[in-house]
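Participant: Quick one: the structure is below, questions incoming.
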Amino acid sequence: MDKSRETADGTPETSVAEAWQQVGASFERFCLTAGLSALGRMMEQDAIALYGPRYGHKDGKAGHRWGRTQGRIGFHGGTVSLDRPRVWARDGKELALPAWEAAQSEHL
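Numbers 563 to 670, taken from our numbering, label the letters of the sequence shown in order.
As structure tokens, this is what we get:
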């Protein structure tokens, strides 16, 4: 049996249109979650490469790890929140992570 999912004027049925919107929302949520996860890993790698591992005190490094904080970046006209590592210079100023700087400079 070959039933069409379109109305007489060629537009999809309401249920199909609603399902398609849900697929789009789920895909966008998936992309956002995957992107935030990747950004989190990139920031962690930056922190380790530049300032050493958590709880590690390395002489000669420009700064040291100091916990985590919530950061916000723009996404689709709004903002999303994510955890990011904090790094402090020896003189007490917070240092930036390259991945975090790049994410903030993009207008997602």
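Note that the Cβ used here is the ideal one computed from N, Cα and C, for glycine as well.
Since residue 630 and residue 645 are thought to touch, with beta carbons under 8 Å apart, how far apart are those beta carbons, to the nearest angstrom?
Facilitator: Here residue 630 is taken as the residue at index 68 of the sequence shown, counted from 1. Here residue 645 is taken as the residue at index 83 of the sequence shown, counted from 1. Taking 8 Å as the upper bound for CB-CB distance, residue 630 and residue 645 are in contact here, some 5 Å apart.
Participant: Which residue's Cα is closest to the Cα of residue 591: 633, 613, 649, 638?
Facilitator: Along the sequence shown, one-based indexing puts residue 591 at 29. Answer by Cα proximity: 638.
Participant: Secondary structure at residue 608, three-state DSSP: helix, strand or coil?
Facilitator: Here residue 608 corresponds to residue number 46 of the sequence shown, with the count starting at 1. Correct three-state label for residue 608: helix.
Participant: Please classify residue 582: is it buried, with 16 or more other beta-carbons within 10 angstroms of its beta-carbon, or exposed?
Facilitator: Walking along the sequence shown from the start, residue 582 turns up at place 20. Its Cβ having fewer than 16 others within 10 Å, residue 582 is exposed.
Participant: Pull up the DSSP beta-bridge partners for residue 589, would you.
Facilitator: Counted from its first residue, the sequence shown places residue 589 at position 27. Per DSSP, none; premise fails for residue 589.
Participant: Span of the beta strand (DSSP E) holding residue 647?
Facilitator: By 1-based counting over the sequence shown, the position of residue 647 is 85. Residue 647 -> beta strand (DSSP E) spans 640-651.
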